[in-house]
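Quick notes on the structure that follows.
The structure is reproduced here in structure tokens:
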């Protein structure tokens with residue numbers, strides 16, 4: 043996802059572009075701070091951390107382990123309280139993990155069967171929910187490593 047600036051220039055801007063602009067820097071660095079804080083150990087009283095990531099020096103990466111890259115993705119979500127959303131994604135094409143890297147979820151056939159059952163049953167009701175941070179709670183057998191340039195990490 044990218045931030046589109048249709049009212050001014052029509053330019054497509056990414057996080058690295060947005061933090062260089064005086065009128066956008068504070069908004070997007072705060073958004074990314076919230077994301078990093080949620081993944082790490084929190085941001086003061088503002089954001090609770092999940093201890094999903096820990097920051098280490100590159101010399102602490104075990105021998106034989108190849109780090110992947112991090113990508114910062116920005117988007118505008120008008121339906122959310124915090125409209126400017128930033129996510130840190132991991133370069134999955136370079137992950138060298140010996141175990142299963144997927145989380146157990148329902149497949150399309152299961153979902154279609156459920157929806158069909160609901161719509162074909164008189165008086166049936168349905169409720170869908172979103173489990174916040176579902177993937178962040180997926181346990182892994184060993185740590186994975188990711189490079190993130192220090193200059194993109196907000197103070």
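Numbering (our numbering), first residue to last: 43 to 197.
Even glycine gets a Cβ: it sits at the ideal position worked out from N, Cα and C.
Bear in mind that the values here come from a model prediction, so they are computed numbers and not experimental data.
If you follow the beta strand (DSSP E) that residue 111 is in, where does it begin and where does it stop? 110-118
Does residue 195 pass the burial test, meaning 16 or more other C-beta atoms within 10 Å, or should it be called exposed? exposed
Could you check what DSSP says for residue 193 in three-state terms: helix, strand or coil? Annotated three-state conformation of residue 193 is helix, per DSSP.
Can you check which of these residues, 192, 140, 157 and 162, is closest to residue 184 by C-alpha distance? Nearest option by C-alpha distance: 140.
If you measure between the beta carbons of residue 137 and residue 102, is that distance less than 8 Å? no
The segment 160-174 / the segment 108-123 touching (three or more Cβ pairs under 8 Å): no
CA nearest to the CA of residue 82, picked from 165, 131, 180 and 93: 93
Taking 8 Å as the cut-off, decide whether the C-beta atoms of residue 188 and residue 143 are in contact. no
Enumerate in chain order the residues of its own chain whose CB-to-CB distance from residue 43 is below 6 Å, with the five nearest sequence positions on each side excluded. Caution is warranted here: a pLDDT of 45 is assigned to residue 43, below 50, making its placement in the model unreliable, and no coordinate value can be reported.
Got a sec? Which residues, its chain only, sit under 7 Å from residue 77 by beta carbon, not counting five neighbours each side? 128, 129 and 130
Secondary structure at residue 143, three-state DSSP: helix, strand or coil? coil
Would you call residue 121 buried or exposed, if buried means 16 or more other Cβ atoms sit within 10 Å of its Cβ? exposed
Could you tell me the distance, in whole angstroms, from the CA atom of residue 95 to the CA atom of residue 85? So the alpha carbons of these two residues sit roughly 14 Å apart.
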